[in-house]
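Residue numbers (UniProt numbering): 1 to 684. Quick reminder that beta carbons are idealized off the backbone N, C-alpha and C, glycines included. Predicted, not measured: the structure shown is a model, and the values here were computed from it. First the structure, in the form of structure tokens, and then the observations on it.
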């Protein structure tokens, strides 16, 4: 019942209601509080002046009633009231029970007796206090009520000692009143017959009917003489039962809401526990995620350090090789110079002339070997590696939580068929969101299969709506699809688009892969070199499946050099002959014979060389995983290399004495029958 206590307290004094009266706005106030307000009004006018001016209306705010100007000729609240004076309206304040009210009212000659007493509320307060065994309070104390010491059975009022001496002296007519202890007075009050409510208009008449229009109990005389004569009235007992039923029915609905509120409070209290548990779990998850990021950064750090170490070793190897090569050449040059000086010292003209021409040629040739680039370091001492940490730092600064906003994943994107195409072994795809979609999109995921009916794999994740995928297999059919994602999740896939790559490989030499000494022309189909040393250049397309054939013609061939032709990985060394490292598989050939070379291992010497106008063919068969070389349409030696697997680029190495032109998009030679495709086929 503690929750009900606020309903039983007066909003003015904050104590339990004592003789509550009902105001026209249906709120309640203690009769003593109303009487005190009347007595404390400082600027009251006389009843006569109030009536003379016709001002019988006053603003009141029972939440701030001490600021109102009511007037009474008696201090008991029960005397005759001629009227009251209105006071300025003040803003409403909040009462202890949260109710706000501001009204204007009219008092007639009966004063506060014109307001009906709320006997029901008074009875509820009395029962509540009795159940709480609360001490009875004086009903006449103005501020903080003191504990009552006696009750007058005739006045039906509880008094403290000061108020009894002041308001109920033991003399005159009051001397005959019977004063009893408060507890006995409470018992006698509850045991007394229930008082019959009388009409506020006609004090001698009992309330017996109910005016439906005015919604108030009335007496018989009200129906005969008063304003209720033409109103619809019903029996008081019948309306009492009807309103009790309506209140009970309304309470049933309110009880359901109260039950729901209690269950909701239980839910909220459980949420507190869950929030605490989830907070601990989320903190642990956040720490784990950050630790995983740190671990990934450390792994990447180790990888980058490995690359730096590899670059370091590579630079040292290149420089040391150049030192060794230059040392040998310098020793040979010095020996030739010393020998020539000794020859010059000889005084035999005929003997000198027999060898002078050869020596002169040797000197010029040796001098030519020290030509452009020979005395230039093949490697710089600087490390051309700059760690691009800016995007990562920006991402770390932008690292934040994603607020989930319901299950609002993006709609499937629409592929723009008119903008999707293939060229050689590249595919370009374009897409957009549906026109009527209003759901935010954070990015897209593009997927392709392996061109052989295998599973899809992600090839692009980002915010762009167009993407070109390079390095696909030639003569292959690819399936592609795209989906969008946001903070709520990943949407559905678009429709699947089938794309066919070129049947035959068309490619050129790639300037980006070429050594700086390589010179390209003829739309990157013709290549030569500015150095006497061998330099490497790759094609701009890689192969990893199918059968491919291309040819190269010798446009210029001076001084019997030995160019190399074959295939290589993208990270092959570019400043040595093709096949010197483990990243290339090649055939090098001079004017008389040829050799196969991989990882500086020379095999299968074969007679037959090249000259100006010769044609070198390269046949790469991934079905059999082999490579075959041809010279002038004839196979040169046996199968050069077997067990090829992965992605390879066409490649050659030449020096300044050779010029080569590339021819692609050629059919497979008639003599060759391609092998059956390996079911395990390789993927780029």
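Neighbourhood of residue 204 by C-beta, 8 Å cutoff - its chain only, sequence neighbours within 5 removed
198
With burial defined as no fewer than 16 other Cβ atoms inside 10 Å of the residue's Cβ, what is the status of residue 271: buried or exposed?
exposed
Any 3 or more C-beta pairs closer than 8 Å across the region 491-504 and the region 327-337
no
Pair within 7 Å by beta-carbon distance, residue 125 and residue 265:
no
Among 258, 323, 615 and 643, which one has its Cα closest to the Cα of residue 3?
258
Distance CB(residue 578)-CB(residue 586) smaller than 7 Å
yes
Just checking my contact of residue 609 with residue 592 at CB under 8 Å: how many whole Å lie between their CB atoms?
4 Å
Counting pairs of beta carbons, one from the region 435-446 and one from the region 408-416, are three or more of them closer than 8 Å?
yes
Are the CB atoms of residue 152 and residue 146 within a distance shorter than 7 Å?
no
Length of the line joining the Cα atoms of residue 507 and residue 540:
6 Å
Between which two residues does the beta strand (DSSP E) harbouring residue 17 extend?
That residue, residue 17, is in no beta strand (DSSP E); it is neither H nor E in DSSP.
Pairs of beta-carbons, one from the region 508-517 and one from the region 446-462, closer than 8 Å: are there three or more?
no
Can you give, in chain order, each stretch of the beta strand (DSSP E) that sits fully within the region 553-615 and has at least 3 residues?
564-568, 584-589, 593-598 and 601-607
Start and end of the alpha helix (DSSP H) containing residue 685?
This structure cannot speak to residue 685, because the chain is shown only from 1 to 684.
Rounded to whole angstroms, what is the Cα-Cα separation between residue 634 and residue 650?
20 Å
Decide if residue 339 is buried, meaning its Cβ has at least 16 other Cβ atoms within 10 Å, or exposed.
exposed
Using the rule of at least 16 other Cβ atoms within 10 Å of the residue's Cβ for burial, across every protein chain shown, is residue 365 buried or exposed?
exposed
In chain order, what residues of the same chain have a beta carbon less than 6 Å from the beta carbon of residue 136, not counting five sequence neighbours either side?
148, 158 and 182
What separation, rounded to the nearest whole angstrom, lies between the Cα atoms of residue 17 and residue 122?
7 Å
Close beta carbons around residue 163, own chain, < 7 Å, minus the five adjacent residues each side
138, 140 and 141
DSSP three-state label for residue 395, please.
helix
Does the Cβ-Cβ distance between residue 580 and residue 600 come in under 7 Å?
yes
Counting along the chain, where does the beta strand (DSSP E) carrying residue 481 start and finish?
477-486
Is it a yes or a no for the region 556-569 touching the region 652-671, going by three-plus beta-carbon pairs under 8 Å?
yes
Using C-beta distances below 6 Å, list every residue in its chain close to residue 377, excluding the 5 sequence neighbours before and after it, in chain order.
none
Can you check the region 227-303 for any beta strand (DSSP E) of at least 3 residues that lies completely inside it and give the ranges in chain order?
233-235
Please list, in chain order, all residues of the same chain as residue 665 whose beta carbon is under 6 Å from its beta carbon, the five residues on each side excluded.
504 and 506
Can you find the residues in the same chain that come closer than 6 Å, C-beta to C-beta, to residue 549, ignoring five residues on each side of it along the sequence?
619, 666 and 668
Indicate the three-state DSSP secondary structure (helix, strand or coil) for residue 206 in the structure shown.
strand
For a test of the three-state rule: what should DSSP assign to residue 368, helix, strand or coil?
helix
Cβ pair residue 211, residue 231 closer than 7 Å:
yes
Quickly, what does DSSP pair residue 621 with across the bridge? List them, please.
547 and 626
In three-state terms, what does DSSP make of residue 416?
coil
Hey, residue 519 and residue 530 are a contact pair by Cβ (cut 8 Å); roughly how many whole angstroms apart?
6 Å
Assign residue 413 to one of two classes, buried (16 or more other C-beta atoms within 10 Å of its C-beta) or exposed (fewer than that).
buried
Check this for me: beta carbons of residue 606 and residue 637, under 7 Å apart or not?
yes
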